[in-house]
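Numbering (the working numbering), first residue to last: 1213 to 1271.
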């Protein structure tokens, strides 16, 4: 895959968290807390066999 990592980060437009999958697309579901986002990100990364990256600000 082009981007071999799952990225958890704060959402740019809203006051919540989002996950960018290894295909570069942001998932539709957003998360109220960093903890919830990272928990789902870990599951997705393990499922896809790729690295998890957690950002504290939107890039």
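Cβ atoms here follow ideal geometry from the backbone N, Cα and C, with glycine treated the same way.
Self-check item: Three-way DSSP call (helix, strand, coil) for residue 1265 in this model
Solution: strand
Self-check item: Whether residue 1267 touches residue 1231 by CB criterion (8 Å)
Solution: no
Exercise. Could you give the DSSP three-state label for residue 1248: helix, strand or coil?
Key: helix
Exercise. Classify residue 1243 as buried or exposed, calling it buried when 16 or more other Cβ atoms lie within 10 Å of its own Cβ.
Key: buried
Quiz item: Do residue 1250 and residue 1223 have their C-beta atoms closer together than 8 Å?
Solution: no
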